[in-house]
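In the numbering used here, the protein residues as written are 187 to 731.
Following: one structure in structure tokens, then a few remarks.
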Amino acid sequence: MSDDRHRARRHDIADQPTEQLDLDRLRYFTQPADGKPSTRHRRRRAAFENPAENHPAENATEITGSVPVSSAAPGRGPQTLPDEPAATELDDLGWEDPAAIGQELPLTSGEYRDPLRSAVPHRARPQTVASAEAATTSVLADEPPAVSPRPPQPRKPARRRSARVRRRRRVALAVVLTSMLVLVLGVVYVGLRAFGVFGPSDKDYSNASGTADVIVDIPANSTLSDFGVILHDADVVGSVGAFVSAADGQTMSGGFYKLRTQIPAATAVEMMTDGTAHRVGRMVVPEGLQLDNKTGIDGKITPGIFQMISDATSVTVNGEQIGVSITQLEQAAADDTPEQLGVPQWARPTVEKLTGDHRRIEGLIAPGTWETIDPHHSATQILHDLVQASALRFEQWGLLGESGSSLTPYETLVAASVVEREVASPEDYAKVARVILNRLEKGQRLEMDSTANYTARVTNIDVHGEAYRADTAWNTYRVEGLPITPIGAVGQSALEATLHPADGRWLYFVTIDREGTTLFADTFEEHKKNREKACESGLLTTGCS
């Protein structure tokens, strides 16, 4: 390139507006300080880029020659490296000297920068050439040096992503803390409300007659404060505090109560502690009780489970009768599906087989106290809840566990119902269970009076006549094996005795007096002697000599 062209390029740069130049930077590279040539930085570069200066004998020939550069500025041909002048000659060159501008800059590995181009960045971008070692090797091999690729740009730091993660974490933490705060405030509110903090704690009504009927449901294990909150919400009492004060620490049971609205707290306490007069949906089922009412030899009627359910749910509320009747219960028991009735899987085959007969769910309602029969429910819903809850009781008593017999769970329940009805003393349950199992094993009919009495119009311990001859699926005087269903509600003691019967060879037993004394025998001859004792006491008359 001629000096004129260099001057023209220098002139073009000088013509640029001064505001586009970094004057301090330009001065740093071009102007001498204190009248001395500005060669300090060039010396360093010359020392680094010209190893021949340190080792002239070994390297002088290796760093000379013509090196074409593909990334030269546009309009310029291949660049050559002339024989390098000595360091003193380079130092004597000034950037203001046009002749110095015509000289090529020493090449280094990486980028080389023209000071003027650095001062005017928009004029040309820094160029990249191969390292001095690669260039030297290329010169010796008569090949153009490899041009190193543009260095990869460093990846942007993941600060934005980290910031987003931190923001999301902060949001999630804020949501969790807010939820916990709301929960705590809710608990505090309910607690304070229970003690009347958010209302007059001593407000009380004065009219003992109240204004209307209302059914309230108190969950089991409720505290007096819980009672007060429920009664206050139902407008039975004026405040929680008034009820708690009137209750004065008395023990109360959960369940359904028929009360009056807007009555004094003391009146509400009295109505809820007067026994069963104001209780709704509560019944107590004794062991051995059957679904149907039974009339005894003395003419006394024993209410069955269906009667108890009807009595517990039938109530008049503001002139309207609610609850279920015996007829509705019998119809649901006979016609609804086992699923609708809550029948467990181990009892469904027999229940399905006896569709149309309400006695097919006999024994599936366990004895005990039932506190919360909802009077607003239908007959099907009530039976479903009772049967399902009873199945859980039976399973808790071990019905599905290990057994000392080969009976299925349902057969075990049937046998236990016979044990329950045959003797009065639980001490004899295990022996009676052994008699039943021994007879079943021998193929001998059970001939139990309790099974004949199950379908009898009148229940009599001394079975005879029509009851004895009845041809039903329950009368073991006529059928072999167990009755088709249980014959009453099975209690825990009878069930456990059937699951774990006593050891013995007994085949017969008889109760000999009204105190319930029962004698067991291995042979029929021994049994006849024991039976005579029952005749002597007047307990039996049939078959006596």
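Even glycine gets a Cβ: it sits at the ideal position worked out from N, Cα and C.
Compute the Euclidean distance between the alpha carbons of residue i and residue j, then round it to the nearest angstrom.
i	j	result
D657	A565	31 Å
H686	K715	29 Å
V537	E613	32 Å
D648	D635	8 Å
P669	L626	12 Å
Y298	R350	Any reading at Y298 must be qualified, since the residue scores a pLDDT of 45, below 50, and its modelled position is unreliable; the value itself is stated next. One C-alpha to the other measures close to 40 Å.
M471	D689	The displayed chain sequence assigns Val, not Met, to residue 471. Approximately 31 Å, taken between the alpha carbons.
V357	G372	22 Å
G467	I559	4 Å
I401	V609	41 Å
R717	V604	20 Å
M457	S425	17 Å
R579	G490	20 Å
T449	M494	The identity of residue 449 in the sequence shown is Ile, whereas the question assumes Thr. Going from the Cα of I449 to the Cα of M494 covers about 30 Å.
S348	L359	16 Å
Q678	T594	17 Å
F492	R546	14 Å
T447	M366	37 Å
T749	N661	Residue 749 cannot be examined here, being either before or after the span of the chain that is shown, 187 to 731.
I465	D390	For the sequence presented, residue 465 should be read as Arg rather than Ile. The straight-line gap from Cα to Cα measures roughly 23 Å.
L475	D522	22 Å
G667	E606	17 Å
Run through DSSP, which three-state label would residue i get?
i	result
G651	helix
A420	coil
E506	strand
P524	helix
A406	coil
I487	strand
V529	coil
R350	helix
L705	strand
V501	strand
Y663	coil
Y298	Because Y298 carries a pLDDT of 45, less than 50, the predicted location of this residue cannot be relied on, and the following value inherits that uncertainty. Looking at Y298 - three-state DSSP - the assignment turns out to be strand.
Q567	helix
G435	coil
V696	strand
C730	coil
T364	helix
S392	coil
E538	helix
Thinking just about the alpha-carbon of each residue, which of the options is nearest to the one in residue i?
i	options	result
E557	T709, Y640, S439	S439
F695	F706, G549, E701	F706
W532	V510, V600, H544, G505	V600
K444	A428, G490, Q507	Q507
D484	V644, E682, P672	V644
D571	S589, L550, E627, L369	L550
I512	V501, S496, E701, R353	S496
S723	G424, G729, D699, T709	D699
Y663	G505, D543, Q630, N624	Q630
F442	D388, I491, S500	S500
Q517	R534, T541, D421	T541
E473	N661, K719, L569, A680	A680
F429	A420, G674, V455	V455
E701	D419, S611, G482	S611
T697	A683, T684, E682, K617	K617
N393	Q526, T671, A433, T453	T453
Who are residue i's beta bridge partners in DSSP?
i	result
W556	M469
G482	T645
K714	Per DSSP, none; premise fails for K714.
D399	R446
G441	I404
Between residue i and chain B, is there a C-beta pair that is closer than 8 Å?
i	result
I673	No chain B is part of this structure, which consists of one protein chain only.
Give, in chain order, every unbroken run of the alpha helix (DSSP H) that is at least 4 residues long and sits entirely within the segment 593-642. 595-608, 615-628, 635-640
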